[in-house]
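Colleague:
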Amino acid sequence: MPTSSQGGCAPDLWPLVAASGLAAGLAAFPAAAQTSPGAPTATRVPVVRLEPSTDPAQPLDVTLPDLDVVARRLDAARLSIQPSLGATRTDFSRGAIETLPQGDNAGLNQVLLRAPGVVQDAFGNVFIRGDHRNVQYRINGVQLPEGLAGFASTLQARFANSVSLLTSALPAQYGFRTAGVVDIQTKTGINSPGATVSLYGGSRGLVLPSFEYGGRAGPVDYFFTGEYQRSNIGIENASSRFNARDDQTQQGRGFAYVSGVIDDTTRLTAMTGTSFGEFRIPTRSGHTPGLGLTVNGISDFDSNTLRQRQTEFQQFGILSLQKQTGAVDLQASVFSRYSSLRYSPDPLGDLLFKGDSQSARRQITSTGLQTDASWRVNEFHTLRGGFLAQIERTRAFAPKTLSPRSACEA
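Numbering (our numbering), first residue to last: 16 to 425.
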C-alpha cells in the first residue's frame with residue numbers, strides 16, 4: 016500500500032495510482048527490493064511520493080525517484096557479480112559501524128577487529144587468520160593494489176556504507192589472497208545526503224576534525240569526506256614511561272566519490288582517495304652509545320634526544336563503468352595507486368648508537384584493469400567470469416650512508 020509524504024495511509028488513492036498506469040511499473044520493483052539475511056540495505060523498496068495537484072483533472076502528482084531506483088538496482092547487480100560462494104562472511108552495516116565506541120572516528124582496523132580471527136599488532140597492522148600480507152581490499156567490487164605497509168591507515172571507516180570480511184574457502188575470482196578479502200561498499204550522495212562537520216578529541220592530545228558532504232545534481236550523485244588527526248601517541252609506547260618522548264603524529268585522509276547514470280542500465284563512477292602520515296619515532300631513556308665511537312669530538316649521546324621521523328603518502332584512483340543488459344551484469348574498471356615511504360634518521364645519534372646513519376625512501380606505483388561479469392543462464396544457474404591485469408613499478412632510494420669516518424671528514 017503506498018504512503019503519502021506525511022506518512023499516513025491512503026487506501027482510497029490506490030485507484031488513482033492504478034489508473035495513471037503506474038501499477039504495472041510498481042509491480043516490477045519487488046523483485047529487486049526483496050531482501051535476504053545479510054543482504055545490503057540498498058535494495059529496499061523505493062519511495063513513492065504522492066503530492067497534491069492544482070489540476071482538477073489530475074488530483075495527484077505521482078513522482079518516482081528515477082535516479083534512486085536505477086542506482087539501487089545497479090548496486091544490487093554489482094553485488095551479484097561477486098558473491099561469497101561458500102566463504103565465511105562477516106558483514107558490518109552502517110548501523111554497526113556507527114555503534115562502535117568511536118563511531119566513524121574509529122579506523123577501519125577497529126571495525127575488522129570485531130570479526131573472528133582478526134588481531135592487531137603493536138603498530139596497528141591487521142592480521143587475518145595469522146596472515147598480514149595476504150589480505151585483499153576491494154572498494155565497490157574493485158581490487159585495490161597493495162601498497163607499502165607503514166604506520167598510517169589509508170582507508171577510513173567514515174566513507175564506508177558497509178564492510179564485509181570474507182575468509183575460509185574463497186572463490187577463484189579473488190585469486191591467491193587466501194587470508195581474507197575486505198569488501199567495502201562506499202557511501203554515495205543517494206544513501207548519505209547532506210553535510211556533516213564534527214570535532215572529536217580525547218586524551219594524549221588527540222584532536223580529529225572531519226567533514227562529510229553528499230548530494231545529487233540531476234543524474235549525478237557525489238560524496239566527499241576528509242579528516243585530520245593529531246595525537247601525542249602515534250606509535251605504541253615501548254618505554255616504561257606513561258607518555259613516551261617524541262611520539263607525536265599528524266595524519267590526514269580524504270575520499271571522493273562521483274557517479275553518473277548514463278541511462279537506465281549504465282553508470283560511470285569515479286573514486287579517489289588520499290592519505291598522509293608523519294610519525295616521530297618514540298625514544299627510550301637511560302641508554303648511551305656502546306660502540307665507543309667519536310664523531311666530531313662527540314662520543315656521548317642521550318637517547319632521549321634522538322629525533323627520527325617516518326613520512327608516508329598514499330593515493331589511489333578508480334574509474335568504473337557498469338552495464339546491465341538483460342541477464343548479463345558487467346563492471347569494467349581501471350585503477351591506479353601510488354604509495355611512498357620515507358625514513359629520516361638522527362644524523363649524529365644513529366652514528367653513535369648504530370655506527371651508520373642512513374635515510375631510506377621507497378615508492379610503488381600500480382596500474383591495472385579489472386573486469387567482472389555474471390550471466391544468469393536460468394533460474395538455477397549463473398555463469399561468472401572476469402580478468403585482472405596489473406603493472407607494478409617499485410623504486411628504492413638509499414642515499415650515501417654516513418659513517419663515523421665520513422662524518423669526521425665532512
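Just so you know, even glycine gets a beta-carbon here, dropped at the ideal spot from N, CA and C.
Could you give the DSSP three-state label for D365: helix, strand or coil?
Modeller: What you label residue 365 is simply residue 350 of the sequence shown in a count that begins at 1. D365 falls in the helix class under three-state DSSP.
Colleague: In this structure, how does DSSP classify G220 when only helix, strand and coil are distinguished?
Modeller: For this step, residue 220 is matched to residue 205 along the sequence shown. G220 falls in the coil class under three-state DSSP.
Colleague: Let me know if S335 comes out buried or exposed under the rule of 16 or more other beta-carbons within 10 Å of its beta-carbon.
Modeller: For this step, residue 335 is matched to residue 320 along the sequence shown. S335 is buried by the Cβ-count criterion.
Colleague: Note down the Cα distance separating L181 from G204, rounded to an integer number of angstroms.
Modeller: Along the sequence shown, read from residue 1 onward, the residue named residue 181 stands at position 166. Along the sequence shown, read from residue 1 onward, the residue named residue 204 stands at position 189. Roughly 27 Å between the two C-alpha positions.
Colleague: For D198 and D262, I'd like the C-alpha separation in whole angstroms.
Modeller: One-based indexing of the sequence shown puts residue 198 at position 183. One-based indexing of the sequence shown puts residue 262 at position 247. Distance between the alpha carbons of D198 and D262 is about 33 Å.
Colleague: Taking the alpha helix (DSSP H) that N124 belongs to, which residues open and close that run?
Modeller: For the purposes of this step, residue 124 is taken as the residue at position 109 of the sequence shown. It spans 123 to 127 - the alpha helix (DSSP H) in which N124 sits, taken as one unbroken run.
Colleague: Look at the alpha carbon of T201 and the alpha carbon of V157, and state the distance between them as a whole number of angstroms.
Modeller: Here residue 201 refers to the residue found at position 186 of the sequence shown. Here residue 157 refers to the residue found at position 142 of the sequence shown. Computed Cα separation, rounded: 12 Å.
Colleague: If we call anything under 8 Å between Cβ atoms a contact, is S450 one with D106?
Modeller: With the chain represented from 16 up to 425, any question about residue 450 goes unanswered, as that position is not in the structure.
Colleague: The alpha helix (DSSP H) with I112 in it runs from where to where?
Modeller: Looking up residue 112 in the sequence shown gives position 97. Here the alpha helix (DSSP H) through I112 covers 109 to 113.
Colleague: Can you tell which of S381, L170, T298, G145 has its C-alpha closest to the C-alpha of G267?
Modeller: Working through the sequence shown from its first residue, we reach residue 267 at position 252. Selected option, being the one with the closest Cα: L170.
Colleague: Within the same chain, show all residues whose beta-carbon is closer than 8 Å to that of S183, passing over the 5 residues directly before and after it, in chain order.
Modeller: What you label residue 183 is simply residue 168 of the sequence shown in a count that begins at 1. Correct list, in chain order: G101, A102, T103.
Colleague: By the three-class DSSP mapping on this structure, what secondary structure does V392 have?
Modeller: Position 377 of the sequence shown, counted from the start, is the residue given in the question as residue 392. DSSP places V392 in coil when its eight states are reduced to three.
Colleague: Are three or more beta carbon pairs between the stretch 392 to 399 and the stretch 360 to 380 nearer than 8 Å?
Modeller: Judged by Cβ distances under 8 Å, the stretch 392 to 399 makes no contact with the stretch 360 to 380, as fewer than three pairs qualify.
Colleague: Can you tell me where the beta strand (DSSP E) with Q265 in it begins and where it stops?
Modeller: If you number the sequence shown from 1, residue 265 lands on position 250. 264 to 278 is the extent of the beta strand (DSSP E) around Q265.
Colleague: Given a cut-off of 8 Å, decide if S348 and Q378 are closer than it, judged by their beta-carbon atoms.
Modeller: As a first step, residue 378 is located in the sequence shown; it is residue number 363 there, counting from the start. As a first step, residue 348 is located in the sequence shown; it is residue number 333 there, counting from the start. Contact flag unset, no.
Colleague: Who are the Cβ neighbours of T289 in its own chain at under 6 Å, not counting the five residues just before and after it?
Modeller: Here residue 289 corresponds to residue number 274 of the sequence shown, with the count starting at 1. The residues are G269, Q330.
Colleague: Just tell me which of D315, L345, Q117, S351 has its CA closest to the CA of S389.
Modeller: Within the sequence shown, residue 389 is the residue found at index 374, counting from 1. Of the candidates D315, L345, Q117, S351, the one whose C-alpha sits nearest the C-alpha of S389 is L345.
Colleague: Contact between the stretch 217 to 232 and the stretch 242 to 250 is defined here as three or more beta-carbon pairs at a separation below 8 Å; is this criterion met?
Modeller: Yes: the two stretches touch, three or more of their Cβ pairs being nearer than 8 Å.
Colleague: From the DSSP output, in three-state form, read off T409 for me.
Modeller: For the purposes of this step, residue 409 is identified with residue 394 of the sequence shown, where counting begins at 1. Correct three-state label for T409: strand.
Colleague: DSSP three-state call for D90: helix, strand or coil?
Modeller: Position 75 of the sequence shown, counted from the first residue, corresponds to residue 90. Helix.
Colleague: Going by beta-carbon coordinates alone, are N176 and R109 separated by less than 8 Å?
Modeller: By one-based count along the sequence shown, residue 176 stands at place 161. By one-based count along the sequence shown, residue 109 stands at place 94. In this structure, R109 lies closer than 8 Å to N176 by Cβ.
Colleague: Suppose you measure from the CA of F44 to the CA of Q339; what does that come to, to the nearest Å?
Modeller: Translated into positions along the sequence shown, residue 44 becomes position 29. Translated into positions along the sequence shown, residue 339 becomes position 324. With a pLDDT of 37 at F44, under the threshold of 50, the modelled position of that residue is not reliable, and no figure is offered here.
Colleague: If distances are taken between C-alpha atoms only, which option among N252, L127, Q373 comes closest to Y152?
Modeller: The residue you call residue 152 lines up with position 137 of the sequence shown. Taking only the C-alpha atoms, the option nearest Y152 is L127.
Colleague: Report all residues from its chain with a CB closer than 8 Å to the CB of G301; omit the five preceding and five following residues, and keep chain order.
Modeller: As a first step, residue 301 is located in the sequence shown; it is residue number 286 there, counting from the start. Within the same chain, G301 has close Cβ partners S318.
Colleague: Let me check one thing: in DSSP terms, what residues is Q337 bridge-paired to?
Modeller: As a position in the sequence shown, residue 337 is number 322, starting the count at 1. DSSP output for Q337 lists R282, Q346 as bridge partner(s).
Colleague: What residue range does the beta strand (DSSP E) around Y152 cover?
Modeller: For the purposes of this step, residue 152 is taken as the residue at position 137 of the sequence shown. Taken as a continuous stretch (DSSP letters only), the beta strand (DSSP E) holding Y152 covers 150 to 154.
Colleague: Where P52 and T114 are concerned, what is the direct C-alpha to C-alpha distance, given to the nearest angstrom?
Modeller: Walking along the sequence shown from the start, residue 52 turns up at place 37. Walking along the sequence shown from the start, residue 114 turns up at place 99. The predicted position of P52 is uncertain, since its pLDDT is 37 and thus under 50; a value taken from the coordinates is nonetheless stated next. If I take the Cα positions, the gap works out to 20 Å.
Colleague: Count the other CB atoms within 10 Å of the CB of L123; is the residue buried (16 or more) or exposed (fewer)?
Modeller: Here the question's residue 123 lines up with position 108 in the sequence shown. Buried, by the Cβ-count rule.
Colleague: DSSP three-state label for F174, please.
Modeller: Along the sequence shown, read from residue 1 onward, the residue named residue 174 stands at position 159. Note: F174 maps to helix in three-state DSSP.
Colleague: If distances are taken between C-alpha atoms only, which option among F316, T240, G233 comes closest to E227?
Modeller: Here residue 227 corresponds to residue number 212 of the sequence shown, with the count starting at 1. Of the candidates F316, T240, G233, the one whose C-alpha sits nearest the C-alpha of E227 is T240.
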